[in-house]
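Trainee: Residue numbers (my numbering): 509 to 697. Beta carbons are placed, not taken as given, at the ideal position from N, Cα and C, and that holds for glycine.
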């Protein structure tokens with residue numbers, strides 16, 4: 509599902525009518541992909557099963573934002589009860605790690621053949637949030653609208669000297685959209 513729709517972008521642009529809906533939907537899709545690539549995040553929840561290598565220690569870092577765990581399976585095929593682990597950070601979402609509790613006496617296990625790669629199975633809800641935050645919706649509308657307005661431009665990604673009266677067209681994602689997105693960029697682990 510898209511972060512916004514053609515009606516949102518048309519309202520932003522002050523347009524009506526359906527003649528450009530296909531183009532707008534395409535631009536929205538591109539804008540959503542650009543936002544996800546820039547922030548390294550998905551802003552809608554998806555139910556997925558993901559596989560991880562056996563970590564050393566009690567901490568398993570996830571490669572994507574995690575909202576909730578449905579089932580956690582250790583490398584030996586044992587289901588780990590929710591009482592035996594914590595999602596981190598404790599008081600915020602999304603989560604980025606699963607820590608086995610000290611009192612559980614559990615450790616991350618290899619599979620029965622001694623393999624440690626891709627043996628921890630986490631089924632759950634993955635993403636930054638169940639629905640995109642308002643800032644992300646606005647960034648998607650703004651970026652799709654920006655690209656729509658650029659469709660008839662004679663120049664793209666021009667950087668010039670404003671003192672000499674030259675037009676400045678920002679390269680890539682416009683600065684105001686980047687400013688919105690910067691606070692959502694996922695740190696690399």
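#1: Starting from residue 594, follow its DSSP beta bridges and name the residues at the other end.
#2: Between the C-alpha atoms of residue 540 and residue 659, what's the straight-line distance to the nearest angstrom?
#3: Please state if the CB of residue 626 and the CB of residue 559 are separated by a distance shorter than 8 Å.
#4: When the Cα atoms are used, what is the spatial distance from residue 534 to residue 646?
#5: What whole-angstrom Cβ distance do residue 567 and residue 605 have, given they're in contact under 8 Å?
#6: Going along the chain, which residues of its own chain have a beta-carbon closer than 8 Å to the beta-carbon of residue 657, five neighbours each way excluded?
#7: Contact defined as beta carbons within less than 8 Å: I believe residue 649 pairs with residue 557. What is the distance between those atoms, to the nearest angstrom?
#8: Starting from residue 451, follow the beta strand (DSSP E) in both directions and report where the run begins and ends.
Mentor: This is what the structure gives:
#1: 607
#2: 18 Å
#3: yes
#4: 17 Å
#5: 6 Å
#6: 521
#7: With 8 Å as the limit, residue 649 and residue 557 do not qualify as a contact, their Cβ atoms being about 33 Å apart.
#8: Here the chain covers residues 509 to 697 and nothing more, so residue 451 does not appear.
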